[in-house]
Amino acid sequence: MASCFAVCCFLVACACLVNAKSPRKMSSFEEPPQSSARRNYVAALLSPQVTYWGDWSAPAFCADGHFVYGMRLRVEESLGSKRDDTSLNAIEFLCAPIGTPHTVPSSTLKPHNGYWGNWRAEARCQQGKYAVGYRLRAEGQQSAHGDNVAATNLRLLCTDSSTSWGSVTPVQTNGSGMDWGNWSGEQRCPLGSALCGLRVQVEAPVGGEDDTALNNVVAYCCRI
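Residue numbers for the sequence shown, in mature numbering (1 follows the signal peptide of the UniProt record, and there is no 0): -20 to -1, 1 to 204.
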């Protein structure tokens, strides 16, 4: 009887370990050398690390002379309380030269395609404005039996005041992600620059364990 009780306790402990996120899946952040980037950037805006699972993609940039004015998000809808949600899976930035109409993007960038969900409608800065920062929404690590989703939505900070926007409140353009978790603080480009590139941290499918997909972002700022 005692041996059976010990075996049961061992199996329960193993089940808890399977449901908990393993720290071995966490990936440290190392910024690649500036010389390896396709564009010269003046700042790299790393999101606050609420979770930190997965590997970092290579940086992706708008075409030369183009800047971010909008985005599309790939989002997995809620699958219900008994299923494994991942929420935000991928981000595509829409780019164009300053002053051009926000109709059809002149170029796009997508550092990773994600794994689950559908691409949602475009979210754009108002005509004449462009993105100079962002806020990432994310949900922190859950308990051993909870469902981790990591990043859930993205918000662009848009303005048309490239040299004095530090004293101007940017217009916030929300993505079409989920409403789980909390918004980060504003991550802003230096004066005279705007968003021009993106790098994402994405956890690959982990089989029978808890998937999260996109965890963090680095947005790059280029001189206007």
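Note that the Cβ used here is the ideal one computed from N, Cα and C, for glycine as well.
With DSSP run on the structure shown, which of helix, strand or coil describes Glu72? strand
Member of Ser67, Gln106, Gly187 and Leu171 whose CA lies at the smallest distance from the CA of Thr153: Gln106
Please state whether DSSP places Asn128 in a helix, a strand or coil. coil
Suppose contacts are defined by Cβ-Cβ distances below 9 Å. Is Gly155 in contact with Asn128 by that definition? no
What are the boundary residues of the beta strand (DSSP E) that includes Cys42? Per DSSP, Cys42 belongs to no beta strand (DSSP E) and is neither H nor E.
Around the Cβ of Ser173, are there at least 16 other Cβ atoms within 10 angstroms (buried) or fewer (exposed)? buried
In or out: Val197 buried (at least 16 other Cβ within 10 Å) or exposed? buried
Alpha-carbon to alpha-carbon, Leu74 and Gln167: 19 Å
Within this structure, are the beta carbons of Phe47 and Ala76 separated by less than 9 Å? yes
So what does Thr88 bridge to, in DSSP terms? Leu74
Residue ranges of each beta strand (DSSP E) within the region 150 to 178, 3 or longer: 151 to 154
Rounded straight-line distance, which links the Cα of Gly120 to that of Glu72: 24 Å
Measuring CB atoms only, is the region 173 to 186 touching the region 36 to 56, in the sense that at least three cross pairs come out at less than 8 Å? yes
Given a cut-off of 9 Å on the beta-carbon distance, is the pair Leu137 and Arg115 in contact? yes
Taking 9 Å as the threshold (C-beta atoms), are Arg117 and Asn162 in contact? yes
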